[in-house]
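Take a look at the structure below.
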Amino acid sequence: MRISTAYQYSTYTSDIQRAQESMVNAGEQVSTGKRVTKPSDDPLGTSRSLTLRSYKAATEQYQSNLNVAKGYLGYTEDAIGSTYDLVKSAYSLAVQGANSATDQTGRAAMAQQITDLQSRLVSLANTRGPSGQYIFSGQQANTQPYTVSGSTITYNGDSNPVYVQVGQNDVMQVNSIPEPMFSDIYNKLETLKNNLNGGNVGAISGVSINDMQSAMQTLSAERGNIGGKLQKIDDYTSQYTKRVDDLTTGISDIEDVDISQAIVSYQQAQNAYQAALNVASKGFQLSLMDFIQNG
Amino acid sequence: MPSPFHGIDLTSNALRSFQRALDVTGHNIANVNTPGYTRQTVQFADTEPSLFYQGGVYSLGNGVRISSIDRIRDNFLAQRSLGAASDTGKFSTMANSMSNIQTLFAEPGGSGISDAMDKFFGAWSSLSADPTEPSAKMQVQQAGSTLASRVQNTYMSLKDQLQNTSDTITSTLKQVSDLSKQIADLNGQIRQKQAEGATPNDLMDQRDQALQTLGGIVNVTTYPQTDGSVNVFMGNLTLVDSAGAVATPMTYNTATNQISDSTGTYDVGSGSLRGLFESAEQIKTYQGNLDTLANTLRTTVNSIHMTGTNSLGNTGVKFFNDVTPPATQTGAIDFALDPAVAANPQAIATSATGAAGDGGLALSISQLQDQPNAALGNVTFARYFANVVSDVGSQTNYWQNQSTTQQAVTDQINQQIQSVSGVSLDDEMSNMLKFQRSYQAAAKALSIFDQVTQDLINMVQP
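Going down the list, the protein sequences come from chains A and B.
The first sequence begins at 30 in our numbering and counts up one residue at a time.
The second sequence begins at 124 in our numbering and counts up one residue at a time.
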């Protein structure tokens, strides 16, 4: 075929440009490590990658929520545990008070200790959580749940659940429904105190000891309940950690290049570019004019 | 009886012819880089012999003449090239436009709408988990504002792009009009030269070049006339006829791919103008997608948020700005937070009751993330937007491939045209040598005839 000069030159130029473009593209993949930097690189892959990114963001959100739930439940568990210890002390006092060997002076001193326990109980029931919220106040998180006037304890919170989203369709109640638990314990301690002050040994052994035992049972059941939830949180956490890993791998499989393959492609593109430059530089030098002796 | 100067006449004629041939070669060399230039060749012919009597009747050659100076051109290839130019115009326009649109979406990555949407619903989930945490509402406010502004900014960029496209359409129509006038003008000059008996090769090149440019803009058919002019049509619209250029219709409709004036409506079948029309429609589609996204976010988020009571004790507060029904929603163009929420994060409600520790409403809003929505064609927000991005990607990919393929076709046709019509310096150099040698030989012959004549004159001594 007849080759015109302009065509020869434009072929060299476009061959060089094409080779250069391939080399730059291959180089970009090597330097960014990305196979997909814009949707047209892989339209279907982009769509899948966006979906995986959404799942990952949601899962990471659930992980963060699990930490919130864990904090809330941790504070609750501590408060319930301390309350249990407190009731246990009251129980020992009741057992001593019921003992006929104990004299009335001793019982009065015990009654004083019960008063102290009561005020500690109120302060435990008014425990604040990690964000400063009252954790035994139901949804009235900014309202101090328990106030005492004379020997009467009043609950100012509500009995509504506080939920944390821990999965797409899974919420976990993190607050312990406190009422009538704390008021009940407070009132039982009040009865014990009165019995101690009044020297009602029969009532102490007949009523108050049972009272303390049943309170301890209630508290320990609640502790078990919280422990179960904390266990569930640990399960979820490890499950989500694995899922985030899987999703990250999935996104990377779509968006990232296989680096060794990318480097090989880059090398190939570079060779092609060099070849195009070589051919052009040789071709540019050739002309019939160099061989004509003009005379 | 031939004139004694017959040889001198004959060779000087040959000298002139070879001189012209050298001139044409020089013209070819000079235009080696001129786009659209068609190489020219001199066609030689021997002249009518003259008869003479010298003891018999003989015919004596009168030397050489130039019969024509031709353009070396293949009309079939020229027609194919026009058609290819239209498709290239359309495909490359679409590819460029889609590539620009794709950049506006900034996906996949951390600066696009997808990411803002994930963070938005995540912030509501955080707020629901810990409604008393002071920074949680601020996070929701920021995430909402980021989402709204990303949707709005993307929309505005598309709007700019559409404006650009419209401006380009107007200037392109102007260009069609200018080219039609130019072709009509060249038609006139060519017709006149041809009537004078000349072959205006270079004017024809100019006209072919103008037609080629026009062919890149719209689908063009040409009908050569016997007087040397061409009539030019775009479908059933006459652009140039024997009377000259017809005024180009300047009104257009991108939805129907038509241009129109008072006398009619005409389909634009291909070329960059068609590409611009289709790009405009494509941009409008994506604007519509963003409108749907913005309006659905408003409707769904607000309808939950307005049932809540915020910590300021207010109820019925919108989260995103929105009109009061039944007014038509405004779409992405002014998508933003409700002014009350934008001014104070405490205006954000987390619950129906207003209880500080109740995150029920925030939970419901965060769960919108996973709910298919009828307004979005029964898919989730994330899925809907991923489909839009995927469409942008496949369209870009498709038009880029089309453009590359078409470019290869065009290249091939141009290669064939160049092969026939392009100037080769090597060719021209060998022609130049040939004509130079011929000229030298003719000059030598002339000097011998001169010598002979001189001898004859010197013979006669006064």
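Just so you know, even glycine gets a beta-carbon here, dropped at the ideal spot from N, CA and C.
Remember, predicted model here, so these are calculated numbers, not experimental data.
Among B:ILE236, B:GLN317, B:VAL512, B:GLU319, the one whose alpha carbon lies nearest that of SER76 of chain A:
Ranked by Cα distance from SER76 of chain A, the first of B:ILE236, B:GLN317, B:VAL512, B:GLU319 is B:VAL512.
If you run the structure through DSSP and keep just helix, strand and coil, what is ILE214 of chain A? When secondary structure is reduced to three states using DSSP, ILE214 of chain A falls in the helix class.
- [ ] Go through its chain and collect everything with a Cβ distance to GLN166 of chain B's Cβ below 8 Å, but skip five positions before and after it.
- [x] ILE189, SER190, SER191, ILE192, ASP193
Given a limit of 7 Å on CB to CB distance, which residues of the stretch 551–568 of chain B reach chain A? MET552, SER553, LEU556
Open item on the list: Quick check for students: name the residue ranges of the beta strand (DSSP E) that lie wholly in the stretch 201–283 of chain A, counting only runs of 3 or more.
Closed with: none
* **Classification of GLY324 of chain A by the beta-carbon crowding that lies within 10 angstroms, buried from 16 upward** => With a pLDDT of only 47 at GLY324 of chain A, under 50, the local geometry of the prediction cannot be trusted, and the value read off the model is given with reservation. When all chains shown are included, GLY324 of chain A counts as exposed.
For the stretch 82–120 of chain A, which segments carrying the beta strand (DSSP E) assignment without a break, of at least 3 residues, lie completely within its bounds, in sequence order? none
- prompt: Using 8 Å as the threshold, is the stretch 210–218 of chain B in touch with the stretch 234–253 of chain B, meaning 3 or more CB pairs across them?
  reply: no
Is it buried or exposed for VAL177 of chain A, if we count other Cβ within 10 angstroms and need 16 for buried?
Exposed: under 16 other Cβ atoms inside 10 Å.
Given that a residue counts as buried once 16 or more other Cβ atoms are within 10 Å of its Cβ, and exposed if not, what is ILE262 of chain A? buried
- Task: Under 7 Å between beta-carbons, which chain B residues line up against SER69 of chain A? List them in chain order, please.
- Result: Simply GLN225, GLY516, THR519, ASN520, GLN523.
Handout entry: Proximal residues, the stretch 296–322 of chain A versus chain B, C-beta separation under 7 Å
Key = SER316, LEU317, MET318, ILE321
- Can you name the residues that DSSP bridges to TYR346 of chain B? B:ASN354
**GLN530 of chain B versus B:THR170, B:GLY159, B:ALA218, residue with shortest Cα-Cα distance** = GLN530 of chain B has its Cα closest to that of B:ALA218, out of B:THR170, B:GLY159, B:ALA218.
Separation of TRP247 of chain B from LEU486 of chain B, as counted between CA atoms: Taking C-alpha positions only, LEU486 of chain B is separated from TRP247 of chain B by approximately 7 Å.
inquiry  = For the beta strand (DSSP E) containing ASN376 of chain B, name the first residue and the last one.
reply    = 374–376
For the stretch 236–263 of chain B, list every residue whose C-beta sits within 8 Å of some C-beta in chain A, in sequence order.
Listed in sequence order: SER237, ASP238, MET240, ASP241, LYS242, PHE244, GLY245, SER248, SER249, SER251, ALA252, ASP253, PRO254, THR255, GLU256, PRO257.
Assign SER222 of chain B to one of three DSSP states: helix, strand, or coil.
helix
Per-residue contacts from VAL155 of chain B into chain A (C-beta, under 7 Å) = The answer, in chain order, is THR34, ALA35.
- Given GLN225 of chain B as reference, the closest of A:VAL59, A:ASP264, A:SER69, A:THR144 once Cα atoms are compared: A:SER69
- Between ALA626 of chain B and the rest of its own chain, which residues show a CB-CB distance below 7 Å, the 5 nearest in sequence each way excluded? No answer is possible for residue 626 of chain B: it lies beyond the span of chain B, which begins at 124 and ends at 585.
query = Between which two residues does the alpha helix (DSSP H) carrying ILE488 of chain B extend?
reply = 483–490
- Kindly list, in the order they appear in chain A, the residues whose Cβ is closer than 8 Å to that of GLY483 of chain B. TYR192
- Query: Do ALA35 of chain A and VAL180 of chain B come within 8 Å of each other at the CB atom, strictly closer than that value?
  - Reply: no
- prompt: Can we say the stretch 128–147 of chain B touches the stretch 56–71 of chain A, given the rule of at least three CB pairs closer than 8 Å?
  reply: Cβ pair count under 8 Å is below three, so no.
- Would you say ASN219 of chain B faces chain A, with C-beta separation under 8 Å as the test? It does not; no Cβ of chain A falls within 8 Å.
- Task: Could you list the residues in the stretch 536–549 of chain B with a C-beta less than 7 Å from some C-beta on chain A, going in chain order?
- Result: Those would be GLN538, GLN541, SER542, GLY545, VAL546, SER547, LEU548, ASP549, in chain order.
**OP:** With DSSP as the reference, label TYR389 of chain B as helix, strand or coil.
**Re:** strand
message = Determine whether the beta carbon atoms of ILE306 of chain B and LEU399 of chain B lie at a separation below 8 Å.
response = No, Cβ-Cβ distance for ILE306 of chain B and LEU399 of chain B is not below 8 Å.
Below 8 Å on the Cβ atoms is my guess for VAL546 of chain B versus SER33 of chain A; work out the distance and round it to an integer in Å.
6 Å
- Let me know the secondary structure DSSP gives SER173 of chain B once reduced to three states. strand
Practice prompt. Consider the Cβ of ARG82 of chain A: report whether some Cβ of chain B lies at a distance smaller than 8 Å.
Written response: yes
Taking the beta carbon of PHE165 of chain A as the centre, do at least 16 other beta carbons fall within 10 Å, making it buried, or is it exposed? Its Cβ being crowded by 16 or more others within 10 Å, PHE165 of chain A is buried.
Going by alpha carbons, who is nearest to LYS271 of chain A out of A:TYR84, A:ASP213, A:MET52, A:ASP44?
Measuring from the Cα of LYS271 of chain A, the nearest candidate turns out to be A:TYR84.
> So what does GLY367 of chain B bridge to, in DSSP terms?
Replying inline: Paired residues: B:ASP364.
message = For a test of the three-state rule: what should DSSP assign to LEU435 of chain B, helix, strand or coil?
response = coil
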